[in-house]
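As numbered in our numbering, residues -12 to 292 make up the sequence shown, in order.
Quick reminder that beta carbons are idealized off the backbone N, C-alpha and C, glycines included.
Please read these numbers as outputs of a predicted model, since none were measured by experiment.
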Amino acid sequence: MHKDIDMSLKIKDVIFENPIFTASGTFGFGYEFDDFIDISEVGGVVVKGLTLEPRKGNKVPRIAETAGGMLNSVGLENPGVEYFLSDILPKLKSKNVKVIANIAGNNIEDYCKMASKINDSSCDAVEMNISCPNVKQGGVAFGTNKDVVYEITKEVRACLDKPLIVKLSPNVTDIKEIAVSAQKGGADCISLINTLIGMAVDTKTRRPVLSNVIGGLSGPAIKPVALRLVWEVSKVVDIPIIGMGGIRDIDDVLQFMLVGASGVAIGTSNFIDPCITVKLANQLKEYLKENKYKSTQDIIGKIKL
Ligand SMILES: Cc1cc2nc3c(=O)[nH]c(=O)nc-3n(C[C@H](O)[C@H](O)[C@H](O)COP(=O)(O)O)c2cc1C
-12 MHKDIDMSLK IKDVIFENPI FTASGTFGFG YEFDDFIDIS EVGGVVVKGL TLEPRKGNKV
48 PRIAETAGGM LNSVGLENPG VEYFLSDILP KLKSKNVKVI ANIAGNNIED YCKMASKIND
108 SSCDAVEMNI SCPNVKQGGV AFGTNKDVVY EITKEVRACL DKPLIVKLSP NVTDIKEIAV
168 SAQKGGADCI SLINTLIGMA VDTKTRRPVL SNVIGGLSGP AIKPVALRLV WEVSKVVDIP
228 IIGMGGIRDI DDVLQFMLVG ASGVAIGTSN FIDPCITVKL ANQLKEYLKE NKYKSTQDII
288 GKIKL
């Protein structure tokens, strides 16, 4: 690695050595990838979405391949935040990697309880998934209403000293007002996009492919949408953005950075190549070196319009 090239990403007071993260739900709890990569070379491991209580998730089938992507309706299967903190996090931190806890809840109180517990741990940051249904508001996702986004961000912020990343849903009318609300509420960083809502049908059985009927679309099929949304958000916030959605190669990484992402996360591509995050971190450094750039700042937001 070239020590003179700065790829670091600072979120609040935490410095991530490189800006290539894993996307929640596509990299397990990180250590499952031990046989493939040295996970300390990943900029940050964003773990599988955590809930206050353990969850079994949805019934199978909960994955379906689509043209250029996949649908999932895993339904937040996870062992619960307590187990994560006591049994998984210490193992993960012993690998010398930055860990970001992704949290999901049914109501604001759940999010706050989780944030408080994580605040007392060795976790490096929290990513708040606001694509979940808000039980108190009839199941409408938290992330679709700007006032709710402001409120939940403010409440969670009050329970957390660590960096707070708010992960936006693309299933909204105007992403800009949602991003501004998250920043106003005290977010240190915005990540986007979560999956787009989709569906697949088996024509032989005339039944939906997923037992949950609908699921989240991810992979290369969503990249143009993700790029457009990152670009729109980058024009209205001044906190760092982590962009994701269909990233497969270094050109994709550069595209997200040019439209304003300070970092990127890799999701579905991990299922094709478990070494992809580390490969991309190395390729980004090579790209900067070859072009005689000193830092990722020479690319971030530098799209020519
Ligand atoms: C199988 C699967 C599980 C996911 N689980 C979560 C999750 O628990 N929490 C979350 O915030 N996002 C989750 N996501 C969304 C990803 O983190 C990411 O935002 C999305 O897949 C877009 O990136 P990609 O196209 O690179 O996969 C999941 C995605 C997939 C494919």
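Please report the straight-line C-alpha distance between residue i and residue j, rounded to a whole angstrom.
i, j, result
"Asn121", "Gly130", "9 angstroms"
"Gly172", "Leu72", "26 angstroms"
"Ala174", "Asp21", "31 angstroms"
"Ile95", "Lys281", "42 angstroms"
"Ser221", "Thr192", "44 angstroms"
"Asn83", "Val29", "10 angstroms"
"Ile2", "Ala54", "37 angstroms"
"Asn132", "Gly126", "12 angstroms"
"Asn181", "Thr255", "12 angstroms"
"Ser253", "Arg194", "Checking the sequence, you will find Ile at residue 253 rather than Ser. Each residue's alpha carbon lies about 31 angstroms from the other."
"Asp148", "Gln170", "15 angstroms"
"Val135", "Val159", "13 angstroms"
"Leu326", "Leu179", "Any question about residue 326 goes unanswered here, given that the chain covers just -12 to 292."
"Thr38", "Leu183", "21 angstroms"
"Ile259", "Asp97", "34 angstroms"
"Asp25", "Val61", "27 angstroms"
"Val196", "Leu204", "13 angstroms"
Short of 6 angstroms in beta carbon distance, which residues of its chain neighbour residue i, apart from the five on each side in sequence? Order them along the chain.
i, result
"Met244", "Ile286, Ile287"
"Glu164", "Lys133"
"Lys(-1)", "Pro150, Asp175"
Can you list, in chain order, the residues of its chain whose CB lies under 8 angstroms from that of residue i, leaving out five sequence neighbours each side?
i, result
"Gly36", "Ser11, Gly12, Leu63, Asn65, Asn89, Ile90, Ala91, Asn116"
"Lys(-3)", "Phe3, Pro227"
Helix, strand or coil: which one does DSSP assign to residue i?
i, result
"Ile230", "Reading off the sequence shown, one finds Gly at residue 230, where the question assumed Ile. Gly230 falls in the strand class under three-state DSSP."
"Ala91", "coil"
"Asn5", "coil"
"Cys99", "helix"
"Ser178", "strand"
"Pro48", "coil"
"Met(-12)", "With a pLDDT of 49 at Met(-12), under the threshold of 50, the modelled position of this residue cannot be trusted; read the value that follows with caution. Of the three classes helix, strand and coil, the one that applies to Met(-12) here is coil, per DSSP."
"Val246", "coil"
"Leu37", "strand"
"Asn106", "helix"
"Arg194", "strand"
"Leu155", "coil"
"Arg144", "helix"
Measure how close the beta-carbons of residue i and residue j come, nearest whole angstrom, since I'm counting them as under 8 angstroms.
i, j, result
"Gly15", "Ile87", "With 8 angstroms as the limit, Gly15 and Ile87 do not qualify as a contact, their Cβ atoms being about 14 angstroms apart."
"Asp236", "Lys210", "Rounded, the Cβ-Cβ distance is 11 angstroms, inconsistent with contact."
"Ser156", "Ala128", "6 angstroms"
"Val47", "Ser198", "6 angstroms"
"Met101", "Val68", "5 angstroms"
"Pro207", "Gly233", "4 angstroms"
"Leu214", "Val246", "6 angstroms"
Identify, in the order they occur along the chain, each residue of the same chain with its Cβ nearer than 7 angstroms to the Cβ of residue i, setting aside the five sequence neighbours on each side.
i, result
"Lys43", "Glu64"
"Cys99", "Glu142, Val143, Cys146"
"Glu219", "Ile162, Lys163"
"Glu277", "none"
If you measure from the beta carbon of residue i to each beta carbon in chain D, is any gap under 8 angstroms?
i, result
"Lys85", "The structure shown contains no chain D, having only a single protein chain."
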